[in-house]
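In our numbering, each residue carries its 1-based index in the sequence shown increased by 116. I have placed the structure first, in the form of structure tokens, so that the comments after it can refer back to it.
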Amino acid sequence: MKPLKRKYCPNCGSPNIKWVIPQMWSVWECNECGYTGPIVIEDEELAEEIRKNYLKIVRK
Ligand SMILES: [Zn+2]
Numbered sequence: 117m118k119p120l121k122r123k124y125c126p127n128c129g130s131p132n133i134k135w136v137i138p139q140m141w142s143v144w145e146c147n148e149c150g151y152t153g154p155i156v157i158e159d160e161e162l163a164e165e166i167r168k169n170y171l172k173i174v175r176k
């Protein structure tokens with residue numbers, strides 16, 4: 117088995133995203149913040165940064 121690269125939401129840094137339209141490979145939806153779009157992050161460190169900033173804003 118190939119290890120799957122984790123993907124993260126570019127808006128909130130959550131790994132809880134899904135590929136919504138299989139015919140259109142580039143559309144993703146985030147279950148946490150509702151983001152939809154073609155951009156996902158595969159860099160875990162960057163995702164963590166985004167996540168921290170997002171949670172700061174949300175918890176205010
Ligand atoms: Zn999100």
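Ideal Cβ placement from N, Cα and C applies to all residues, glycine included. Keep in mind the model is a prediction, meaning the values are calculated, not measured.
- prompt: Is any heavy atom of ligand 1 found at a distance shorter than 7 Å from the C-beta of N169?
  reply: Position 53 of the sequence shown, counting from 1, holds the residue named residue 169. In this structure, N169 has its CB at a distance of at least 7 Å from all heavy atoms of ligand 1.
query: Excluding five sequence neighbours on each side, which residues of the same chain lie with their C-beta closer than 6 Å to the C-beta of C125?
result: Residue 125 sits at position 9 when you count from the first residue of the sequence shown. Correct list, in chain order: I133, C146, Y151.
task: Could you round the C-beta distance between I155 and A163 to whole angstroms and report it? I think they count as a contact, below 8 Å.
output: For the purposes of this step, residue 155 is taken as residue 39 along the sequence shown, with counting starting at 1. For the purposes of this step, residue 163 is taken as residue 47 along the sequence shown, with counting starting at 1. At roughly 12 Å, the Cβ-Cβ gap does not stay under 8 Å, so I155 and A163 are not in contact.
- prompt: Distance, Cα to Cα, S130 vs E148?
  reply: By 1-based counting over the sequence shown, the position of residue 130 is 14. By 1-based counting over the sequence shown, the position of residue 148 is 32. Taking the straight line from one Cα to the other gives about 7 Å.
field: Coarse secondary structure for R158, derived from DSSP in three states
entry: By 1-based counting over the sequence shown, the position of residue 158 is 42. For the sequence presented, residue 158 should be read as Glu rather than Arg. Looking at E158 - three-state DSSP - the assignment turns out to be coil, as it is neither helix nor strand.
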